[in-house]
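Going down the list, the protein sequences come from chains A and B. In this text, residue positions in the first sequence follow our numbering: the first is 1, and each later residue adds one. In this text, residue positions in the second sequence follow our numbering: the first is 104, and each later residue adds one. Glycine included, C-beta positions come from ideal geometry on N, C-alpha and C.
2 protein chains.
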Amino acid sequence: EEEEDKLIPELPDFLTGKRFFLYGKFPQNERRLLQRYIVAFNGALEDYMSDKVQFVITSQGWDDSFEDALMENGNLSFVKPSWIFAINNRQKMLPHQPYTVVP
Amino acid sequence: EEEEDKLIPELPDFLTGKRFFLYGKFPQNERRLLQRYIVAFNGALEDYMSDKVQFVITSQGWDDSFEDALMENGNLSFVKPSWIFAINNRQKMLPHQPYTVVP
Chain A
1 EEEEDKLIPE
11 LPDFLTGKRF
21 FLYGKFPQNE
31 RRLLQRYIVA
41 FNGALEDYMS
51 DKVQFVITSQ
61 GWDDSFEDAL
71 MENGNLSFVK
81 PSWIFAINNR
91 QKMLPHQPYT
101 VVP
Chain B
104 EEEEDKLIPE
114 LPDFLTGKRF
124 FLYGKFPQNE
134 RRLLQRYIVA
144 FNGALEDYMS
154 DKVQFVITSQ
164 GWDDSFEDAL
174 MENGNLSFVK
184 PSWIFAINNR
194 QKMLPHQPYT
204 VVP
């Protein structure tokens, strides 16, 4: 029984308790890939920039609408997709700050 | 009595509850100026990158030591001096995210 359990691969829960919104356009299948990683790592995906969102992932760089979003929710972080891909590559949670999107 | 009170200029408390560390070298008197604004606006200045620090202000851009600092304290934000000067210019609290320092 125990030995059998060991054969079941577990998904790592790097993103537990973190809430994401994918903003704007992404190249090719990148949006789908981000969705898969975020959900696989137990993060939560929001459908819009609700006040629950902590991380806005964008491929497009800084957007003027982010200023307005910050007025509504001062805790937002705007981050590049490479943060999520780096977490997958390194197979561990990494700080988001080095991947921040700036104007 | 009330009229006299109105003549006393009050310092705005834009930075109440926020803790800062000034990292590295700053041009000319910029470090002193940052200290004055932060203290004037009721922010707290730390002498080293303690775990109480929320905002590291630097003129030097991203420093490799920031990676290590983030391992100790995942809540750190690395921000340009222009954030503090913008708060003074606009005379209101502004979100720090647009002034983030990135690698």
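Pick from the options that is closest to residue i, judged by C-alpha positions
{"i": "Phe169 (chain B)", "options": "B:Thr119, B:Glu113, B:Gly127", "result": "B:Gly127"}
{"i": "Asp154 (chain B)", "options": "B:Asn178, B:Asp116, B:His199, B:Arg193", "result": "B:Asn178"}
{"i": "Ser180 (chain B)", "options": "B:Asp116, B:Tyr140, B:Arg193, B:Leu125", "result": "B:Leu125"}
{"i": "Arg32 (chain A)", "options": "A:Asp13, A:Asn73, A:Ile57, A:Pro12", "result": "A:Ile57"}
{"i": "Leu114 (chain B)", "options": "B:Phe144, B:Ala189, B:Pro198", "result": "B:Phe144"}
{"i": "Tyr151 (chain B)", "options": "B:Gln131, B:Asn176, B:Arg139, B:Asn132", "result": "B:Asn176"}
{"i": "Phe47 (chain B)", "options": "B:Glu149, B:Leu197, B:Asn132", "result": "Since the displayed chain B opens at 104 and closes at 206, residue 47 (chain B) lies outside it and no answer follows."}
{"i": "Asn89 (chain A)", "options": "A:Glu30, A:Pro27, A:Phe26, A:Tyr37", "result": "A:Tyr37"}
{"i": "Phe14 (chain A)", "options": "A:Gly43, A:Val53, A:Phe26, A:Asp68", "result": "A:Gly43"}
{"i": "Ser59 (chain A)", "options": "A:Val39, A:Val53, A:Gln28", "result": "A:Gln28"}
is_contact[residue i, chain A] using C-beta, thresh 9 Å
{"i": "Trp165 (chain B)", "result": "yes"}
{"i": "Val205 (chain B)", "result": "yes"}
{"i": "Tyr202 (chain B)", "result": "yes"}
{"i": "Pro112 (chain B)", "result": "no"}
{"i": "Pro198 (chain B)", "result": "yes"}
Assigned exposure category for residue i - 16 Cβ within 10 Å defines buried
{"i": "Lys183 (chain B)", "result": "buried"}
{"i": "Pro98 (chain A)", "result": "buried"}
{"i": "Gly61 (chain A)", "result": "exposed"}
{"i": "Thr203 (chain B)", "result": "buried"}
{"i": "Gly120 (chain B)", "result": "exposed"}
{"i": "Ile111 (chain B)", "result": "exposed"}
Whole-angstrom C-beta distance between residue j and residue i, which should lie under 8 Å
{"i": "Gly198 (chain B)", "j": "Leu70 (chain A)", "result": "Gly is not the amino acid found at residue 198 (chain B); the sequence shown has Pro there. That belief holds up - the Cβ atoms of Pro198 (chain B) and Leu70 (chain A) are roughly 4 Å apart, short of 8 Å."}
{"i": "Ile112 (chain A)", "j": "Met93 (chain A)", "result": "The requested residue 112 (chain A) is not part of the displayed model; chain A covers only 1 to 103."}
Anything in the stretch 152-185 of chain B with a Cβ closer than 8 Å to a Cβ of chain A? List those residues in chain order, please.
With the criterion set as a beta carbon lying under 8 Å from some beta carbon of chain A, the members of the stretch 152-185 of chain B are Trp165, Phe169, Glu170, Leu173, Met174, Gly177, Leu179, Ser180, Phe181, in sequence order.
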